[in-house]
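S.K.: Heads up: the sequence shown runs through residues 41 to 677, numbered per this note's numbering.
We put the beta carbon where it would ideally sit given N, CA and C, even for glycine.
I'd like to ask some things about the structure below.
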Amino acid sequence: MFGAPRCLETDLSMLNNQNLKLNYQWVAGHRSTFLFNRGDKIRGSRGASLTTRLPATTRQSGASPYYRGQHQWTVNNQLLLDGQYSYYKAGFVLDFHEDDLATVQRLRYVDQNNTDDRSGTYSGNIRPQYEARLDGNYFLSNLLGGDHATKFGIRWRSTPYETISKSGGGVLVRIRASGQNEADIIRDGDQNREMWEYSAYVNDSYKRGRTTLNWGLRFDHQKDRAIAAHIAANPILPDLLPAVDFTGADSGVAFNNWSPRLALTYDVAGNGTTVLKASGARYYGLGIDTAGTVTPTGTTTLSYFWTDLNADLLVQRNEILFARGFRATPSSNYDPNTPASLVTPTAADPNLQNDTTDEFIASLDREVMSNFGVGISYIYRRYGQPQATYRNGVPSSSYTAVPFTRTCGSTPPLPPQCDQSSYSGVYYQRATALPTAGTLRNYDYYRNYHGIELTARKRFSHRWLMNSSFTYNHTRFFFPTIDDFANGTSTGDPTNYDLQNGRDSSGLNGPRWLAKASAMYALPWGMSAAGFYNVREGLQFNRTIQSPNRTGSLGTVNVSIEPQGTTHHPTFQQLDAHWDKTFRFDKRRFSFNVDAFNLVNASIVLARITRQDASNGNYISTILAPRIVRFGLKVNF
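Now the structure itself:
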């Protein structure tokens with residue numbers, strides 16, 4: 041798991057997989073299965089991009105073996121039981137680009153859109169999973185005038201996980217074009233937690249005449265706690281960021297959720313050509329994360345102003361401007377009065393509830409001719425009861441509005457240019473620093489999704505098949521209480537509230553419509569050809585300008601210059617094609633295939649630097665991958 045390769049000039053990407061499966065029939069009605077799978081993905085320079093230079097990338101590795109034992113018992117012609125136990129030794133490491141960089145301070149050029157150089161970070165993720173479950177299927181005919189197919193089961197699952205975080209040299213050096221440089225002093229993190237859950241469910245499908253009724257009920261109990269961990273002191277400020285030994289803690293919060301669901305299907309004509317469907321359900325979030333709130337061993341950052349006395353771009357203690365105080369509020373797990381404290385200043389609300397998703401779907405499917413059908417669906421979802429850790433006693437009224445103006449950061453005549461010479465916005469700041477104490481709680485927020493999907497499908501006949509769809513969605517998110525506006529900080533900061541609250545938040549940050557079409561044609565002589573066309577609205581291009589350092593040690597904030605969702609990237613289009621030829625030789629069957637991705641070699645812009653006052657503002661950061669042609673040969677024995 042920890043055997044990542046050393047620095048490579050190119051980005052090595054290697055997949056290593058092994059599989060084993062054994063089946064054994066003991067006697068009639070009893071069958072056992074053993075499954076083993078091991079996968080490992082190795083990369084030499086993960087994260088390389090326009091703003092992440094090679095020394096700041098990471099080496100990825102993570103061999104994760106999976107074991108599962110299963111036994112099926114066919115009790116009779118009505119009852120089938122299935123029991124299984126599994127263990128997944130999951131985990132991965134994102135290591136420094138080279139081992140020697142672990143002690144080298146990170147370097148960030150803030151005004152070049154936070155370009156990172158010189159060193160990076162380490163993240164060791166240990167995430168084993170244990171699971172035992174028993175599922176059953178029961179079939180019963182002629183009850184209440186119809187047939188029943190019932191599924192039921194119970195499950196136990198345990199998922200301890202540990203995340204070890206390190207920052208090169210324990211420092212992030214922040215260089216600004218103005219010369220007002222900054223230093224983030226960082227203590228490593230070791231978050232060691234475990235989570236377990238119990239669940240039970242029952243689902244019944246009842247069919248009578250043209251009507252099929254499905255109902256189900258599920259119960260989930262989820263609980264977590266923090267367990268012992270140790271982290272070392274920061275090498276630059278060992279007195280302010282000392283070593284920590286933590287013995288563990290329990291928030292006392294557990295989720296106990298009942299999830300109902302109901303669905304109805306009606307065959308209008310009685311021959312399956314016209315079918316009406318409707319369903320409603322409530323879902324709860326998977327997982328619980330209160331343990332992170334009650335442990336102080338996450339990464340801790342103290343931000344200061346800093347002057348580079350010897351011009352070496354490295355932070356020494358005597359260069360930190362302590363007299364100016366913190367540049368930004370310290371991490372919420374830090375108490376400046378007792379820096380070695382083992383009690384985190386954050387807590388979990390004892391009335392904390394799991395997040396919810398309520399869903400309603402209605403659809404009509406119609407076979408308009410033999411092997412060809414169309415359909416229309418309406419989907420509604422409402423997401424609510426999210427959770428975040430908010431600083432205590434910090435209402436939005438404690439902030440003051442400050443208008444400001446920034447000039448375009450790109451230098452003429454070099455493209456790309458801004459659409460105007462300067463931009464104005466409003467940021468908010470406080471007179472005093474934020475308190476360190478915070479509470480993990482539910483906040484006042486909901487998101488509504490409305491979607492319409494049109495489909496057209498042709499089953500394989502007359503040598504061809506086709507599947508196509510068009511989807512349009514309308515999504516808005518709302519913060520009814522301005523004090524709960526998250527803005528990425530959960531500090532009551534109202535910056536951007538008017539430009540984001542109630543605005544478009546469609547999936548994947550923007551595409552409100554999407555069309556897809558795929559088709560296959562069986563050619564003579566054992567050949568076939570297929571194509572896939574995907575077109576959608578471009579992602580949102582939400583442009584910002586950056587504020588100066590704010591009072592109250594709040595640091596900078598990116599301020600929107602227009603309502604969210606106003607501007608989008610160009611429409612995305614991609615065409616893929618496939619061809620294959622199958623032939624036989626002796627008892628072997630061979631299939632030769634050719635795949636072409638992005639057949640027309642389109643260079644569509646997917647993302648740009650959004651900050652308009654940055655020197656690389658509007659620079660392209662992501663484009664559609666160029667045309668790729670893949671040749672393959674498949675042999676069936």
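Identify whether Ser417 lies in helix, strand or coil by the three-state DSSP scheme.
M.R.: Walking along the sequence shown from the start, residue 417 turns up at place 377. For Ser417, the three-state secondary structure derived from DSSP is strand.
S.K.: Taking one C-beta from the region 258 to 277 and one from the region 203 to 214 each time, how about it: are there three or more such pairs within less than 8 Å?
M.R.: yes
S.K.: Could you check how far apart the C-beta atoms of Tyr162 and Leu119 are, in whole angstroms? I think they sit under 8 Å.
M.R.: Sequence index remark: in the sequence shown, residue 162 carries index 122 (1-based). Sequence index remark: in the sequence shown, residue 119 carries index 79 (1-based). Leu119 and Tyr162 do not touch by the CB rule: their CB atoms are close to 52 Å apart, not below 8 Å.
S.K.: Can you grab the Cα-Cα spacing for the pair Tyr659 / Thr445, in whole Å?
M.R.: The count along the sequence shown starts at 1 and reaches residue 659 at position 619. The count along the sequence shown starts at 1 and reaches residue 445 at position 405. Between Tyr659 and Thr445, the C-alpha separation is close to 21 Å.
S.K.: If we ignore side chains and look at the alpha-carbon of each, how far apart do Phe42 and Ser450 end up?
M.R.: On the sequence shown, position 2 is the one that residue 42 refers to. On the sequence shown, position 410 is the one that residue 450 refers to. Annotation note: pLDDT 38 at Phe42 (below 50); position unreliable, no value reported.
S.K.: Kindly indicate which three-state DSSP category Asn358 falls into: helix, strand or coil?
M.R.: As a first step, residue 358 must be located in the sequence shown, where it is residue number 318. Helix, per DSSP.
S.K.: For Tyr125 versus Pro168, is the C-beta distance shorter than 8 Å?
M.R.: One-based indexing of the sequence shown puts residue 125 at position 85. One-based indexing of the sequence shown puts residue 168 at position 128. Not in contact: Tyr125 and Pro168 (Cβ atoms no closer than 8 Å).
S.K.: Check whether the region 511 to 519 touches the region 484 to 502, counting contact only when three or more Cβ pairs, one atom from each stretch, lie closer than 8 Å.
M.R.: yes
S.K.: Can you check whether the CB of Ala266 is closer than 8 Å to the CB of Val334?
M.R.: Here residue 334 is taken as the residue at index 294 of the sequence shown, counted from 1. Here residue 266 is taken as the residue at index 226 of the sequence shown, counted from 1. For Val334 and Ala266, yes; Cβs fall inside 8 Å.
S.K.: With Leu60 as the anchor, note down where its beta strand (DSSP E) starts and where it stops.
M.R.: Position 20 of the sequence shown, counting from 1, holds the residue named residue 60. Segment 53 to 67, the beta strand (DSSP E) holding Leu60.
S.K.: Check whether the Cβ atoms of Gly571 and Ala617 lie closer than 8 Å to each other.
M.R.: The residue labelled residue 571 in the question sits at position 531 within the sequence shown. The residue labelled residue 617 in the question sits at position 577 within the sequence shown. Their beta carbons are under 8 Å apart, which means Gly571 touches Ala617 by this criterion.
S.K.: Kindly confirm or deny that the region 366 to 374 and the region 337 to 345 touch, where touching means at least three C-beta pairs closer than 8 Å.
M.R.: yes
S.K.: What residues are listed by DSSP as bridge partners for Ala273?
M.R.: Residue 273 sits at position 233 when you count from the first residue of the sequence shown. Its beta-bridge partners do not exist; DSSP assigns none.
S.K.: Leu554 and Gln604: beta carbons closer than 8 Å?
M.R.: The sequence position of residue 554 within the sequence shown is 514, counting from 1. The sequence position of residue 604 within the sequence shown is 564, counting from 1. Not in contact: Leu554 and Gln604 (Cβ atoms no closer than 8 Å).
S.K.: Please classify Arg364: does DSSP put it in a helix, a strand, or coil?
M.R.: The residue you call residue 364 lines up with position 324 of the sequence shown. Helix at Arg364.
S.K.: By Cβ distance below 8 Å, which residues in the same chain neighbour Ser679 in space, the five residues on each side in sequence not counted?
M.R.: Residue 679 is absent from the structure shown; the chain starts at 41 and stops at 677.
S.K.: Considering just the uninterrupted stretch of the alpha helix (DSSP H) at Gln540, what are its terminal residues?
M.R.: Residue 540 sits at position 500 when you count from the first residue of the sequence shown. It spans 537 to 540 - the alpha helix (DSSP H) in which Gln540 sits, taken as one unbroken run.
S.K.: Below 8 Å, can you find three or more Cβ-Cβ pairs linking the region 432 to 448 to the region 412 to 420?
M.R.: no
S.K.: Identify, in the order they occur along the chain, each residue of the same chain with its Cβ nearer than 7 Å to the Cβ of Pro390, setting aside the five sequence neighbours on each side.
M.R.: For the purposes of this step, residue 390 is taken as the residue at position 350 of the sequence shown. Within the same chain, Pro390 has close Cβ partners Gly292, Val293.
S.K.: Just to confirm, are Tyr467 and Val575 a CB contact at a threshold of 8 Å?
M.R.: As a working mapping, residue 467 is identified with position 427 in the sequence shown. As a working mapping, residue 575 is identified with position 535 in the sequence shown. Cβ atoms of Tyr467 and Val575: not closer than 8 Å.
S.K.: Could I get the ranges of all uninterrupted beta strand (DSSP E) runs contained in the region 579 to 654, with 3 residues as the minimum, in chain order?
M.R.: 584 to 586, 598 to 600, 612 to 625, 628 to 637, 645 to 648
S.K.: Buried or exposed: where does Lys263 fall if 16 or more other Cβ atoms within 10 Å of its Cβ makes it buried?
M.R.: Along the sequence shown, one-based indexing puts residue 263 at 223. When all chains shown are included, Lys263 counts as buried.
S.K.: Determine the burial state of Val133: buried for a count of at least 16 other Cβ atoms within 10 Å of its Cβ, exposed for fewer.
M.R.: For the purposes of this step, residue 133 is taken as residue 93 along the sequence shown, with counting starting at 1. Classification of Val133: buried, given that the 10 Å Cβ count is 16 or more.
S.K.: Leaving out the 5 sequence neighbours to the left and right, which residues in its chain are closer than 6 Å to Arg195 when beta-carbon positions are compared?
M.R.: Here residue 195 refers to the residue found at position 155 when the sequence shown is read from its first residue. For Arg195, where only same-chain residues beyond five positions count, the Cβ hits under 6 Å are Arg173, Ser239.
S.K.: Apply the 10 Å Cβ neighbour rule to Ile226 and answer buried if 16 or more other Cβ atoms are within range, or exposed otherwise.
M.R.: Reading the sequence shown from its first residue, position 186 is the one you call residue 226. Classification of Ile226: buried, given that the 10 Å Cβ count is 16 or more.
S.K.: Do Leu280 and Pro200 have their CB atoms nearer than 8 Å?
M.R.: Along the sequence shown, read from residue 1 onward, the residue named residue 280 stands at position 240. Along the sequence shown, read from residue 1 onward, the residue named residue 200 stands at position 160. At least 8 Å separates the beta-carbon of Leu280 from that of Pro200.
S.K.: In chain order, what residues of the same chain have a beta carbon less than 7 Å from the beta carbon of Phe623, not counting five sequence neighbours either side?
M.R.: Start at 1 with the first residue of the sequence shown, and residue 623 comes out as number 583. Around Phe623: Gly566, Phe630.
S.K.: How far does the beta strand (DSSP E) with Tyr483 in it reach, from first residue to last?
M.R.: Walking along the sequence shown from the start, residue 483 turns up at place 443. It is not in any beta strand (DSSP E) - Tyr483 carries neither H nor E in the DSSP assignment.
S.K.: Within a Cβ cutoff of 7 Å, which residues of the same chain sit near Asp135, ignoring the five residues on either side of it in sequence?
M.R.: Working through the sequence shown from its first residue, we reach residue 135 at position 95. Excluding sequence positions up to five before and after Asp135, its CB lies within less than 7 Å of the CB of Ala44, Thr98, Arg99, Tyr162, all in the same chain and listed in chain order.
S.K.: For Arg265, report the span of its beta strand (DSSP E) as first-last.
M.R.: As a first step, residue 265 is located in the sequence shown; it is residue number 225 there, counting from the start. Here the beta strand (DSSP E) through Arg265 covers 251 to 266.
S.K.: Going along the chain, which residues of its own chain have a beta-carbon closer than 6 Å to the beta-carbon of Leu673, five neighbours each way excluded?
M.R.: Here the question's residue 673 lines up with position 633 in the sequence shown. Same-chain partners within the cutoff: Phe632.
S.K.: If you drop the 5 nearest sequence neighbours on each side, which residues of the same chain put their C-beta closer than 8 Å to that of Pro426?
M.R.: Here the question's residue 426 lines up with position 386 in the sequence shown. If we look at Pro426 and ignore the five residues flanking it on each side, its Cβ neighbours are Asp395, Asn482, Tyr483, Tyr485.
S.K.: Within this structure, are the beta carbons of Val496 and Ala402 separated by less than 8 Å?
M.R.: To locate residue 496, count along the sequence shown from 1; it is residue 456. To locate residue 402, count along the sequence shown from 1; it is residue 362. Looking at the sequence provided, one finds Ala at residue 496 rather than Val. Cβ atoms of Ala496 and Ala402: not closer than 8 Å.
S.K.: Would you list the one or two residues that DSSP bridges to Thr98?
M.R.: For the purposes of this step, residue 98 is identified with residue 58 of the sequence shown, where counting begins at 1. Paired residue(s): Arg86, Phe136.
S.K.: Could you check the C-alpha separation between Leu639 and Phe671 for me, to the nearest Å?
M.R.: Taking the sequence shown and counting its residues from 1, one reaches residue 639 at position 599. Taking the sequence shown and counting its residues from 1, one reaches residue 671 at position 631. Taking the straight line joining both Cα atoms gives about 14 Å.
S.K.: For a test of the three-state rule: what should DSSP assign to Asp230, helix, strand or coil?
M.R.: Looking up residue 230 in the sequence shown gives position 190. Of the three classes helix, strand and coil, the one that applies to Asp230 here is strand, per DSSP.
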